[in-house]
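K.L.:
Residue numbers (our numbering): 1 to 444. Even for Gly, the Cβ is constructed at its ideal location relative to N, Cα and C. In this text the structure is predicted, and so the values were computed from the model without any measurement.
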Amino acid sequence: MREQWSTKIGFILSSAGAAIGLGAIWKFPYMTGMNGGGAFFLLFIAFTLIIGLPLLIAEFVIGRGAQQEAISAYKKLAPGSNWSIIGRWGAIGAFILLSFYSVVGGWVLIYTVMSVTGSIIHPDTDYEKLFGIITGSPLIALSGLGVFLAISVVIISFGIKDGIERASKVMMPLLFIFFIILVIRSVTFEGAAEGLAFFLQPDFSQITAEGVLYALGQSFFALAVGFSVMVTYSSYLEKNVSLPFSAASVSIMNIFVSLLAGLAIFPVVFSFGFEPAKGPGLLFMVLPAAFAQMPMGEVFLSLFLLLFLFAIFTSVFSMLEIITAAMTAGTNRSRTKVAWLTGLIVFIAGIPAALSANVLSDFTIFGLTVFDASDFLVSNIMLPGGCFLIALFIGLRMNRNLMKKEFLSGSNLSASNFQIWFQIMRWLTPVTILIVFLYSLGFI
């Protein structure tokens, strides 16, 4: 008998954890800073609600409808066809994402340990230089990557109820609380108004064609859609849970955390003279500077980093789960052994990304480091591509009656609500993704 989520809230919080993680807290602020501030945020919200939310419902419908992990789900729902390539695409994408995502997880783990031991906040600390030292040391970067993945594998090996769900029920609410505390302090800094204006006042003259693609990719990255991660998660879900409600809850939480991240980061960026387009290191420079201005700052920084670390783990759990579930489905393979083998392979694959800021800093792919190239490939090509394929699957292949049954099960929605969602998935979603992609490439 397959494992199942024990509660609705456990599923929603675990799904939110899979979505939020580094997407909303680490990547969203620096992508916003590099792409015009408020205009990027507005595009991100629009893409999340109009495109991302229907796609999240779609992955939930596919997963619970098949009651199988991603690859097997498409085989079951479209037997004798090649649609299972969507699941394989997701597993490959999740693997590539894990290879650089875990590097950032290692950075956060190192920062957490340093903060707990009181080694970060000091009057003379140059936080930009500190980040450069941590990422610039091969030994530190690889150690962080290895330990981070080892902890992730230990938790994922416990399974759904005892591992992912139990952790998420505690981690996610606490993260919200600490984020709100940080926002309250950040907006009271002198010069915070300039940061708030940058983040909340849209200036569409700052948005480029590439920025539109980044906003679309960020909406997919932040919701964890496109790689069928949520297909695997929802396959463990009982029939009395409303899929549209669950998807809406995850989407709203994701937007809310992204809003909190912007409100927490950008007032500090402008108050302390940081550059908003600083890139992946933005968060690691801003957070210590903010907490240093609070009473018991080191303690609060330590607690926040611990919760942030937990949020990252929940995202990694989802990606490890899709790979682990695919490798153990229909076999007698030990879940624990497969999880450890996957972790080892991801570690090896993550070495080039971990060394991108040091010994491999001069090695580039189309002008990008291995870390940046992996990020670009996943966020702006593979995720939109996966979402496009899922939309085609919903519109062209999946049984309409099964879709309707899963969409309406456990909810008070009507058949007309289903029809609206189906038409969005059949026409609006694939067409929008295609137009944005062609626009970013300069074809239209």
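I'd like to know whether the C-beta atoms of F28 and S258 end up nearer to each other than 8 Å.
P.N.:
Closer than 8 Å, so yes.
K.L.:
State the beta-bridge partners of L368 as determined by DSSP.
P.N.:
According to DSSP, L368 bridges with I365.
K.L.:
Looking at C-beta atoms only, is the number of pairs between the segment 340–348 and the segment 168–179 that lie closer than 8 Å three or more?
P.N.:
Touching, no.
K.L.:
If contact is defined by three or more beta carbon pairs under 8 Å, each pair taking one atom from either stretch, is the segment 247–257 in contact with the segment 50–57?
P.N.:
Yes, the segment 50–57 is in contact with the segment 247–257.
K.L.:
Could you check which residue in L434, G395, V378, I435 has the C-alpha nearest to that of L97?
P.N.:
The candidate whose alpha carbon is nearest that of L97 is V378.
K.L.:
What number of angstroms, rounded off, separates the C-alpha of V431 from the C-alpha of I50?
P.N.:
Roughly 12 Å between the two C-alpha positions.
K.L.:
Using the rule of at least 16 other Cβ atoms within 10 Å of the residue's Cβ for burial, across every protein chain shown, is G442 buried or exposed?
P.N.:
Exposed, by the Cβ-count rule.
K.L.:
Nearest to G386 by CA position, among K129, L305, F221, is which residue?
P.N.:
When each option's Cα is compared against that of G386, the closest is F221.
K.L.:
What do you reckon, are the CB atoms on D203 and G36 nearer than 8 Å?
P.N.:
Yes, the pair counts as a contact, with Cβ atoms nearer than the cut-off.
K.L.:
Can you find the residues in the same chain that come closer than 7 Å, C-beta to C-beta, to G63, ignoring five residues on each side of it along the sequence?
P.N.:
The answer, listed in chain order, is A73, M230, V231, T232, Y233, S234, S235.
K.L.:
Locate the alpha helix (DSSP H) running through Y236, then write down its first and last residues.
P.N.:
Y236 -> no alpha helix (DSSP H), and no H or E assigned at all.
K.L.:
Quick one: residues in its chain with C-beta nearer than 7 Å to the C-beta of I140, no 5 flanking neighbours on either side, listed in chain order?
P.N.:
Excluding positions up to five away in sequence, the list reads I110, I134.
K.L.:
Count the other C-beta atoms from every protein chain shown that fall within 10 angstroms of the C-beta of W427, then say buried if there are 16 or more, exposed otherwise.
P.N.:
The residue is exposed, with fewer than 16 neighbouring Cβ atoms inside 10 Å.
K.L.:
DSSP three-state call for K27: helix, strand or coil?
P.N.:
K27: helix per DSSP, three-state reduction.
K.L.:
To the nearest angstrom, how far is the alpha carbon of T369 from that of L355?
P.N.:
Cα to Cα, T369 sits roughly 10 Å from L355.
K.L.:
Closest to I207 by CA distance: which of L42, P384, S374 is it?
P.N.:
The residue with the shortest Cα to Cα distance from I207 is L42.
K.L.:
Is N82 closer than 8 Å to L213 when the C-beta atoms are compared?
P.N.:
Against a cut-off of 8 Å, the Cβ pair of N82 and L213 comes out as no contact.
K.L.:
To the nearest whole angstrom, what separates the beta carbons of M382 and G93, a pair I think is in contact under 8 Å?
P.N.:
About 4 Å separates the two Cβ atoms, so the contact holds.
K.L.:
Considering only the beta carbon of each residue, do I156 and T324 sit closer than 8 Å?
P.N.:
A contact, by the Cβ cut-off of 8 Å.
K.L.:
How about the segment 115–127 and the segment 291–303: do they share at least three Cβ pairs that are nearer than 8 Å?
P.N.:
A contact exists between the segment 115–127 and the segment 291–303.
K.L.:
CB F371 to CB V103, shorter than 8 Å?
P.N.:
Contact: yes.
K.L.:
Counting only runs of 3+ residues fully inside the segment 248–320, write out the beta strand (DSSP E) ranges in chain order.
P.N.:
Entirely contained in the segment 248–320, not one beta strand (DSSP E) run reaches 3 residues.
K.L.:
Output the residue ranges of the alpha helix (DSSP H) runs that lie fully inside the segment 381–439 and measure 4 residues or longer, sorted by chain position.
P.N.:
If we require 4 residues or more, the alpha helix (DSSP H) runs fully inside the segment 381–439 come out as 383–396, 400–408, 415–423.
K.L.:
In whole angstroms, give me the CA-to-CA distance for V108 and I85.
P.N.:
C-alpha separation (whole angstroms): 34 Å.
K.L.:
Can you tell me which of S416, N358, I435, D375 puts its alpha carbon nearest to the alpha carbon of G136?
P.N.:
Nearest C-alpha to G136: N358.
K.L.:
Beta-carbon within less than 7 Å of I71's beta-carbon, same chain only, minus the 5 sequence neighbours each way: which residues are those?
P.N.:
Here the set comprises S84, G87, R88, A91, A326.
K.L.:
Can the beta-carbon of V187 be found closer than 8 Å to that of L263?
P.N.:
Yes, Cβ-Cβ distance for V187 and L263 is below 8 Å.
K.L.:
Excluding five sequence neighbours on each side, which residues of the same chain lie with their C-beta closer than 8 Å to the C-beta of L309?
P.N.:
Result list for L309: G105, V108, L109, T112, in chain order.
K.L.:
Out of curiosity, what's the CA-to-CA distance linking N240 and I25?
P.N.:
Rounded to the nearest angstrom, the two C-alpha atoms are 32 Å apart.
K.L.:
Within this structure, are the beta carbons of S374 and A353 separated by less than 8 Å?
P.N.:
Yes, Cβ-Cβ distance for S374 and A353 is below 8 Å.
K.L.:
Is any heavy atom in the ligand COA found nearer than 7 Å to the beta carbon of L355?
P.N.:
What this structure holds is no ligand at all, so the ligand COA is not there to describe.
K.L.:
Looking at A215: is its Cβ nearer than 8 Å to the Cβ of F47?
P.N.:
Yes, Cβ-Cβ distance for A215 and F47 is below 8 Å.
K.L.:
Just to confirm, is the Cβ distance from N254 to L223 under 8 Å?
P.N.:
Cβ atoms of N254 and L223: closer than 8 Å.
K.L.:
With respect to the alpha helix (DSSP H) encompassing P138, which residues constitute its N-terminal and C-terminal limits?
P.N.:
Where P138 is concerned, the enclosing alpha helix (DSSP H) stretches over 138–156.
K.L.:
Is it buried or exposed for Q201, if we count other Cβ within 10 angstroms and need 16 for buried?
P.N.:
Q201 comes out exposed.
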